[in-house]
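A short worksheet on the structure shown next.
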Amino acid sequence: MKVAGVIPARWGSTRFPGKSLAVLCGKPLIQWVYEQASRAEQLDSLIVATDDERIQTGVTSFGGKTVMTRTDHPSGTDRAAEAIGSAECDVVVNIQGDEPFIEPLLIDQLVEVMRSESQWDMATAAVRTSDITEIRQPSVVKVVVDGENRALYFSRSVIPFDRDGGHTEGEVSYLRHVGIYAYRRHFLERFVKTPPCANEQVERLEQLRALHIGAAIKVVETGCAGVGIDTPEDLENATRQMQEIKKP
């Protein structure tokens, strides 16, 4: 089974334009992501899918591979699908371009699910947490699953919701979604042929399109939380974390 890794990276981020080239501890953000992903043992290839020549130049300058794509894709998955094109692969892993701490082990875990459990159309990841302050943030995506860890719904709202308010903080645990996806090639092709659904457009979550068309999505619980860079403030926080990691 051949596995292709794709890192979508567009220039026009609403909250942080050009963040792919924002400098984190001496290197552009996209380079951190690329180098982390390249350490995954289960990827046969790795490319950055971008819509901007500045990102393309930045990636090639550190030896990475890129594919230019259209600017009008509704999601990173749509961009990844265009970048793959006619390449031979059975599984495509969509790796977020703003996750500098992405763990290679997590990439390998998702690929292993696709190798060993044929019932899944795709796989993603989540971290269990009881931090209600974090969970209340709309930027933190939540997921609920069934007994087989099949995704039932993703939302920016708090799910599950404590209707009666009878639980103290820390009593209820939640699953915070980690934005990485492994797709079977044939399902990815079906996904990109489907227009964004209403839930996807309201929540701005591409994975809801997959649920809309009946995808079986395996959610792998992980301790690899990751840190997404959505704003300049996030970059400052990531810089502090990176500096702490590098301390002797």
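Reading the sequence shown from the start, the letters are residues 1 to 248 in our numbering. For glycine and all other residues, C-beta sits at the position ideal for the given N, C-alpha and C.
Item, Value
"Status (buried if at least 16 other CB within 10 Å, exposed otherwise) for leucine 152", "exposed"
"Runs of beta strand (DSSP E) lying entirely within the segment 86 to 116, each at least 3 residues, in chain order", "91 to 95"
"Three-way DSSP call (helix, strand, coil) for valine 23 in this model", "strand"
"Proximity below 8 Å, CB of alanine 49 to CB of isoleucine 7", "yes"
"8 Å contact criterion, which isoleucine 47 and lysine 65 should meet: CB distance rounded", "5 Å"
"Check whether arginine 176 and valine 127 have beta carbons under 8 Å apart", "yes"
"Nearest-angstrom Cβ-Cβ length linking methionine 242 and leucine 24, presumed shorter than 8 Å", "6 Å"
"First and last residue of the uninterrupted beta strand (DSSP E) at glycine 5", "3 to 9"
"Proline 326 - DSSP class collapsed to helix/strand/coil", "As displayed, the chain neither begins before 1 nor continues past 248, which places residue 326 out of reach and without an answer."
"Alanine 125: first and last residue of the uninterrupted beta strand (DSSP E) it sits in", "122 to 129"
"Three-state class that DSSP yields for lysine 65 in the structure shown", "coil"
"Buried or exposed (CB count within 10 angstroms, at least 16 for buried), proline 195", "exposed"
"Rounded straight-line distance, which links the Cα of lysine 218 to that of glutamate 117", "9 Å"
"Closer than 7 Å: valine 220 CB and nearest the ligand SAM heavy atom", "As for the ligand SAM, it is missing from this structure, which has no ligand bound."
"Run of the beta strand (DSSP E) containing glutamate 221, from where it starts to where it stops", "217 to 221"
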